[in-house]
Amino acid sequence: MNRKLVAPVCEFCQSRLNSVFTALDDEDVTSLSNNHLCNYYKRGQVVFLEGNHPMGLFCINKGRVKISQMGIEGREQIIRLAKAGDIIGYRALISNESYTASATALEDSRICIIPSKVFYGLIQSNAGLTANLMKLLAGDLKEAERKVTHLAQKTVVERLAETLLMLNEYYGKDDGATVDSFAITREEIARIVGTATETAIRVMTELRKEGIISIEAKKIVILNREALVKLANMYD
């Protein structure tokens with residue numbers, strides 16, 4: 184079971200400064216702070232389930248979450264990763280439809296929940312928030328279209344190389360070379376790429392043998408970014 188926490192004060196929340204809620208004025212931020220809850224999710228705990236109806240908006244205060252769907256033969260496909268400052272479940276909430284994917288904590292996470300009524304009120308009273316949500320929707324649609332194209336046209340090696348670059352950009356250390364894979368297992372990397380775990384492990388082993396990456400305990404280090412970009416068939 185997820186554990187309820189004392190909700191963080193929105194006025195002093197650093198994650199809010201990296202979210203769509205930067206558009207809120209002081210009065211709206213105070214209202215938001217007084218009308219939200221916060222839960223603690225351990226790694227592997229479900230935040231929401233595909234098919235359930237949304238009761239509010241989830242805002243990640245700390246931690247990482249994967250958004251995934253169950254495909255053919257029950258194989259999980261990770262369609263999105265989220266970190267502190269990101270909101271999840273917003274499309275289902277806006278469209279008043281059931282979730283089309285599930286959200287699961289990739290590591291111990293602190294997640295705030297804004298009740299539907301509060302969220303709708305903020306949208307109606309704040310044009311800046313609405314504009315930020317529209318930009319977020321457009322960006323997510325663009326990313327979904329890119330993934331469909333890549334699944335159809337790119338090889339597993341190209342997709343895996345691009346995934347490692349994406350993870351490095353999204354979760355990398357300050358030195359720009361390390362992917363902290365404590366919360367991203369090889370199985371989960373395979374589910375992002377859209378391939379079997381065995382295939383992903385085989386490709387990463389080849390990349391390690393070629394000196395492009397190194398695999399050290401719970402992290403992947405990119406040793407030759409230029410080679411990885413070339414393998415991904417991307418423009419650097």
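Note that this note's numbering has the sequence shown beginning at 184, numbered continuously upward. From the three backbone atoms N, C-alpha and C, an ideal C-beta is built for every residue, glycine too. Please read these numbers as outputs of a predicted model, since none were measured by experiment.
Beta-carbon proximity list for alanine 383, same chain, < 7 Å, skipping 5 on both sides:
Leu343, Arg369, Ile372, Ala373 and Val376
In chain order, which beta strand (DSSP E) runs of at least 3 residues are fully inside the region 206-241?
220-224 and 229-231
Please report the distance separating the alpha-carbon of glutamine 197 from that of phenylalanine 241.
16 Å
Mind checking isoleucine 297: buried by the 16 CB within 10 Å criterion, or exposed?
buried
With 16 other Cβ atoms within 10 Å as the buried cut-off, status of aspartate 208
exposed
Put glutamate 345 into one of helix, strand or coil per three-state DSSP.
helix
Backbone CA spacing between threonine 388 and isoleucine 367 [nearest angstrom]:
17 Å
Check whether valine 203 and leucine 289 have beta carbons under 8 Å apart:
no
First through last residue of the beta strand (DSSP E) which encompasses serine 422:
Look at the range of the chain in this structure, 184 to 419, and you will see that residue 422 is not part of it.
Please report how far the alpha carbon of histidine 219 lies from the alpha carbon of asparagine 201, in whole angstroms.
18 Å
Whole-angstrom C-beta distance between valine 248 and isoleucine 262, which should lie under 8 Å:
Actually they do not touch by this definition, with Cβ atoms about 12 Å apart.
If we ignore side chains and look at the alpha-carbon of each, how far apart do threonine 205 and leucine 406 end up?
36 Å
What are the residues that DSSP puts in a beta bridge with arginine 293?
Tyr223 and Lys245
Please classify glutamate 393: does DSSP put it in a helix, a strand, or coil?
coil
Do you know offhand how far leucine 348's Cα is from asparagine 416's?
12 Å
In angstroms, rounded to a whole number, what distance separates the CA positions of aspartate 269 and isoleucine 243?
6 Å
By how many angstroms is the C-alpha of lysine 245 removed from the C-alpha of valine 192?
14 Å
Measure the alpha-carbon distance for glutamine 260 versus serine 285 and round it to whole angstroms.
10 Å
Would you list the one or two residues that DSSP bridges to threonine 287?
Val229 and Lys249
Should the region 275-284 be regarded as contacting the region 230-239, the criterion being three or more beta carbon pairs within less than 8 Å?
yes
Starting from the Cα of threonine 287, find the closest Cα among Ser251, Leu320 and Ala314 and give me that residue.
Ser251
Short Cβ contact (8 Å threshold) for glutamate 326 with leucine 414:
no
Which residue wins for smallest C-alpha separation from leucine 264, given the options Gly394, Met253 and Thr346?
Thr346
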